[in-house]
Structure formats: C-alpha cells, structure tokens
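**Q** Taking the numbering used here as reference, the numbering of the sequence shown is continuous, increasing by one, and the terminal residue is 557. For glycine and all other residues, C-beta sits at the position ideal for the given N, C-alpha and C. Bear in mind that the values here come from a model prediction, so they are computed numbers and not experimental data.
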Amino acid sequence: MAPDVDAGAADPVPWWQEAVFYQIYPRSFADASGDGVGDLEGIRTHLDDLVWLGVDALWLSPFFPSPMADFGYDVADYCDVDPLFGSLATFDALVAEAHARGLRVIIDWVPNHTSIEHPWFLDAASSPTAEHRSWYVWRDPTPDGRPPNNWVAAFDLSAPAWTFHEPTGQWYLHLFEEAQPDLNWDEPAVEAAMHATLRFWLDRGVDGFRADVVHAIGKDPALPDDPPEHAGIPHCALNDVPVTHERLRAIRRLLEEYPGERMMVGEVYLLTTEAISTYYGDGDEAHLAFNFPALLAPWRADRWRACIEETARCLDPRGAWPTWVLSNHDNPRHRTRYDRSAARAGEDPATTARRSEARARAAAVLLCTLRGTPFLYQGEELGLADAEVPADRVVDPGGRDGCRAPLPWDAGEGHGWPTGDGVGPWLPLPPECGTRNRAAQRDDPASVLHLYRRLLGLRHATPALTHGALTLLEAPEGVLAYRRGDGPGACAVWINMTGDPVEVAGPGAGGVAVPGAGGTVLLASDDPDAGGPFTGRLGPDAAVVVQIQTSLQ
Ligand code: TEU
5 MAPDVDAGAA DPVPWWQEAV FYQIYPRSFA DASGDGVGDL EGIRTHLDDL
55 VWLGVDALWL SPFFPSPMAD FGYDVADYCD VDPLFGSLAT FDALVAEAHA
105 RGLRVIIDWV PNHTSIEHPW FLDAASSPTA EHRSWYVWRD PTPDGRPPNN
155 WVAAFDLSAP AWTFHEPTGQ WYLHLFEEAQ PDLNWDEPAV EAAMHATLRF
205 WLDRGVDGFR ADVVHAIGKD PALPDDPPEH AGIPHCALND VPVTHERLRA
255 IRRLLEEYPG ERMMVGEVYL LTTEAISTYY GDGDEAHLAF NFPALLAPWR
305 ADRWRACIEE TARCLDPRGA WPTWVLSNHD NPRHRTRYDR SAARAGEDPA
355 TTARRSEARA RAAAVLLCTL RGTPFLYQGE ELGLADAEVP ADRVVDPGGR
405 DGCRAPLPWD AGEGHGWPTG DGVGPWLPLP PECGTRNRAA QRDDPASVLH
455 LYRRLLGLRH ATPALTHGAL TLLEAPEGVL AYRRGDGPGA CAVWINMTGD
505 PVEVAGPGAG GVAVPGAGGT VLLASDDPDA GGPFTGRLGP DAAVVVQIQT
555 SLQ
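#1: Take residue 57 and list the residues in its own chain whose beta-carbon comes closer than 8 Å to its own, dropping the five residues that flank it on each side.
#2: Taking three-plus beta-carbon pairs below 8 Å as touching, is the stretch 192-200 in contact with the stretch 247-260?
#3: What number of angstroms, rounded off, separates the C-alpha of residue 349 from the C-alpha of residue 144?
#4: Counting by C-beta, which residues lie closer than 5 Å to a heavy atom of the ligand TEU, in chain order?
#5: Can you give me the start and stop residues for the beta strand (DSSP E) that residue 483 sits inside?
#6: Tell me residue 142's beta-bridge partners as DSSP assigns them.
#7: Measuring alpha carbon to alpha carbon, tell me which residue in 487, 462, 135 and 501 is nearest residue 535.
#8: In angstroms with no decimal places, state the Cα-to-Cα distance between residue 36 and residue 441.
#9: When burial is assigned at 16 or more other CB atoms within 10 Å of the CB, is residue 343 buried or exposed?
#10: Measuring CA to CA, which of 92, 78 and 77 is closest to residue 84?
#11: Out of 467, 504 and 478, which one is the CA nearest neighbour of residue 616?
#12: Of the residues 230, 310 and 537, which one's Cα is nearest the Cα of residue 276?
#13: Where does residue 269 sit, in a helix, a strand or coil, going by DSSP?
#14: Can you check DSSP and say which residues form a bridge with residue 507?
#15: Round the Cβ separation of residue 290 and residue 269 to the nearest angstrom and send it over; I've been treating them as touching at under 8 Å.
#16: Going by the CB atoms, is the gap between residue 60 and residue 108 shorter than 8 Å?
#17: For a test of the three-state rule: what should DSSP assign to residue 218, helix, strand or coil?
#18: At which residues does the beta strand (DSSP E) containing residue 32 begin and terminate?
#19: For residue 259 and residue 328, which I take to be in contact (beta-carbon distance under 8 Å), what is that distance rounded to the nearest angstrom?
#20: Just to check my reading of the structure: residue 157 and residue 139 have Cβ atoms closer than 8 Å, yes? What is that Cβ distance to the nearest angstrom?
#21: Does the stretch 224-231 touch the stretch 390-405, meaning 3 or more C-beta pairs lie closer than 8 Å?
#22: Spell out a yes or no on whether the stretch 176-190 and the stretch 114-125 are touching, meaning 3 or more CB-CB pairs, one atom from each, closer than 8 Å.
#23: Assign residue 74 to one of two classes, buried (16 or more other C-beta atoms within 10 Å of its C-beta) or exposed (fewer than that).
#24: Using the rule of at least 16 other Cβ atoms within 10 Å of the residue's Cβ for burial, across every protein chain shown, is residue 161 buried or exposed?
#25: Which of the three DSSP states is assigned to residue 558 in this structure?
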C-alpha cells in the first residue's frame, strides 16, 4: 500500500465493511408502471442514478406477495414477487444490472412472522391437528378468558399480542399486527423451511439479507409475563434469549456455504448497544447489526460522543464492525426528528427553518465519516423532511407514513408520480418537492444531493475514513470532533451541533494545534467549494473534514 494512504486497514476487509448501503423502500422509490406505487422496474431504471450518487449496496425492503397489512412485512410467499412490484424476472434483471454496475443487493427477510394469508398459516388455522399447526404459537384459553400472557402488540400498545381464533378455540401470538402471526422457531420444520427461503434468494444471486426483528425468532418457551417495568413496551423488551444465538449461528453457516461473502445485517430492535452487540456473536452470528441508540440520538454533541464511546466499548472487544443509520422507514426522518426535538426544547420556528437543512447536511457528514458501515435511507440525499399526511390519507397502522412519502424525481406536476383523476401516489409527496427533487438538485452543485455525492466520493478515496481507527477529540461544548486513522492520511472531523459559529482548532484538537496551519479542508457541509488550509472556524451546524498535515502527526 502506498505510504501516503496507509491510515487504513492492512488486510483486505469484507465488502460490507467498506460499502455504503442505500435502503430502498420499493413502494416509494420509483413507479415505472404508473399505478402510484413504486416497483422493481422503477428501481432498475434508476440504477445509474445510484451509481452516480456513489453508494455500493442496495437494501430492498419487502417486495414479496403480501396482503400489505404491514406493507409487505406480512409475507404470504417468501419465494416470489408481488405483482404490484413486478415478477421474479424483473427481480433477476434488477440484480443482474445492479451487479453489472458493481452494486450489491441485499433483501429483507422476515423470519419472525408470516402473513395470515401465508399457506402455512391458512393450514395451521384450519384445525388443531393440521400439519402446520405447530409452526405458529398457539395457547389454550386461560380459565378467566384472558390472553395467555401480558405481552402487547407493536403499533397498538393497548392491545394484546394475542388473537383468539374462534374456529379452533386457541389464541395465536403476534408481536406485531393480528395479520402477522409469529412463527414457532422451536419447530424444526420452521427453521428448515425458513432456511430454504434464504437459499432460494442466495441461489438467485442476492448478496445478503436484512433480517427483520431477528432477535425475536427465539422465545422463552414458557412465554412468561413481561415484568412490570416493561409494561406497555412492545417486543423490544422481550425475547433476548440464548437459543436465538444458536439459530443465528446456523444462518451464518448457511451463508458461508455460498461463495462471495454473503452477509446478514440484523434488525435487533433491543434498545441498548450492549444488548445489540451480542448478536454479532464471536464473529459467527450476524455480520452487522443496526445500532438503534444512534438512530434515536438527538442532535447533541455530548449524546453522540457517549454513543460513539458506548459503541466502541461494546463492539471492539468482539471485533464487531459498527453500523450507523440516521433514518429508515420506521421512524421520522432525521431532519424531521431534529427539528421536532429542537421545537420541543423551545427553538422558535424561524430558527428551526434556518437550521433545519444545515443540521441535515452536517448529519450527513457525521453518518459518512464515522467508523462503521453507513446505511442511507432513500430521500435523505435530497434533505427530505417527512410528509404531512392528512388523517384521511393515513394508511400505516404504525403511524409511519410520513417518512415513507414517495421520492420526488423532477419538478414536473407529479414529480415522477402519476397525476390525474383517480390516480396518484399511494402517499402524499414530501414538502418542498419543487426544489427537493432529484433533477433540480442534480443541477445544483450546492445541493444536499451533491454534498452526499462528494462525501461518498471522499470516503471511497480516503482509506482513513473507511478503515482508520476513530479517536474522539476534545472540542468546545456542542461540537463533536474525532480523528480517523493514525498515520499519514489521517483525517479530523468537526461537527458543530450548535446554531452559533465556533472556533474549534486549538490545543488538544488532535494534531491540528495551530489554526490555519493544521490541515487542509477536504469537505465542508456548508460550502461546495471549501478547500485550502483549515482556519478552525465553523459555521452554525456546520461540519468539516480536514486532512491532518503529516508534519503535525
Ligand atoms: O420493525 C420492527 C420494529 O421494531 C419497529 O417496527 C418498531 O416497533 C417501530 O419502528 C417503533 O416505531 C420491522 C420493520 O422494519 C417494520 O417496518 C415492520 O413493521 C416490523 O418489523 C414488522 O415486520
């Protein structure tokens, strides 16, 4: 390796440690068929746009046949494509064309529950002695007619995680919607059948899986009541049991039978990094796991510092590789989240309007310069905020419509989505799509879109940003600072999480001791033309990446 770029890893690292992932929520990405719902063909026709942006891997949220009670997270057939999204042939074409462009493709795998319309459940519900009865979690009624335990269902915390099935006289478990019965992974046939679904897609060439609520596939067989301190908390407080780790190891072995470093990222919705980190096992369970405390962290330097420290404390001893996510299809977009929490803290609307995009830009720098694999959520590269969804357009039982608004592609009337009598996008479009659309931002080098592109380009060209060690640096209050890499090629990143300008360089600023002489600006969140010597000054909610001068190492 050339001496001026040796701040990175010495050995080749697996692709999923170097890659930047981009989550596609197919319903809302791009609509080739013109029915108001995005589809696989829409994704295929935009692959070059994703290559232009600079991402390396796509994660596709579910596109399988489904009655859509949870918009595809209720799967009726694990081995097919819902006609709404296309066909297996469209999927194959999409993967082939993605691979031809060097893009990897991982898909969602939903192992904890099926749809009530899955043939396995239809059979299970047909009789207490049906072949598939034991594939789900059934319990007899209690003498007082209450559900078998006190677990509550996600999305409606006042409702039990159980539904009484009149025809066969038993309750069935569903950690989510009534239409999403939990599979019984204690039944060996379930494990075998779910393994077969993995093989089906691996044989079709996918590079891996995002495993939905994967911590829940193991359950304490006694199904004990949730303790009082967890009352009213859905599945996240439950089901962190040893058998799940055995099941993850079996999945890992299956993935390793295939060539090409197939991988799994676990959606382990346990809300501490400590608990999540155990799902990496000893390098023999999930390759990656989402780090939810970071996704839920506010725009505050002290909180981020703590989150980064905790991530290193929990993951480093295991040799586990971190992930970073700011937005996904289940939570308000980070721009909206930061705005709302600022408003709650008393920020006036004019200030929020001024700071909002700046925060989103600086957050992009944070996401793409931390040590670990970043996952972008479609639309954050346009700086999108959540859509306002009027009551008569609400469709999601979990209240998550706002972050799932369709992606605006151009400045035309429908912004890339059908318009007219009786046709239109399945959800309202996000705000400001006259300017926050892809075509407009593509034409504007100062746009958020170009910032993401510059960031990803810089990340790929700078080994220290991908592989380099992360060292937190001292910084003024409200500023997060860290160094990436140790030797030549090392970088420093400052993120001003306050609404005021700050002066950051100075003693303790990680080798950038003298303002103006410590390094060269590689990228700034608020200036597309930034470059030259770093002055140590940062604008409000601005972030900067600086190449540390070798003589000052
Ligand atoms: O999410 C699991 C999950 O933990 C979240 O739904 C969580 O309860 C919610 O975000 C709290 O706001 C996965 C999928 O990402 C989600 O879309 C599905 O609805 C869910 O599983 C069921 O499959």
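**A** Short version:
#1: 26, 385, 453, 456, 457 and 460
#2: yes
#3: Their backbone Cα atoms lie some 49 Å apart in a straight line.
#4: 74, 77, 158, 180, 216, 217, 273 and 334
#5: Where residue 483 is concerned, the enclosing beta strand (DSSP E) stretches over 483-488.
#6: As computed with DSSP, residue 142 is found in a beta bridge with 176.
#7: 462
#8: Whole-angstrom Cα-Cα distance: 17 Å.
#9: buried
#10: Comparing Cα positions, the closest option is 92.
#11: Outside the displayed range of the chain (5 to 557) lies residue 616, so it cannot be described from this structure.
#12: 310
#13: Strand.
#14: The secondary-structure analysis by DSSP pairs residue 507 across a beta bridge with 541.
#15: 7 Å
#16: yes
#17: helix
#18: From DSSP, residue 32 is part of no beta strand (DSSP E) but of the alpha helix (DSSP H) over 30-33.
#19: In fact, because the Cβ distance is near 23 Å, the residues do not count as touching under 8 Å.
#20: With 8 Å as the limit, residue 157 and residue 139 do not qualify as a contact, their Cβ atoms being about 20 Å apart.
#21: no
#22: yes
#23: buried
#24: It counts as exposed.
#25: A question about residue 558 goes unanswered here, because the residues of the chain that appear run from 5 up to 557.
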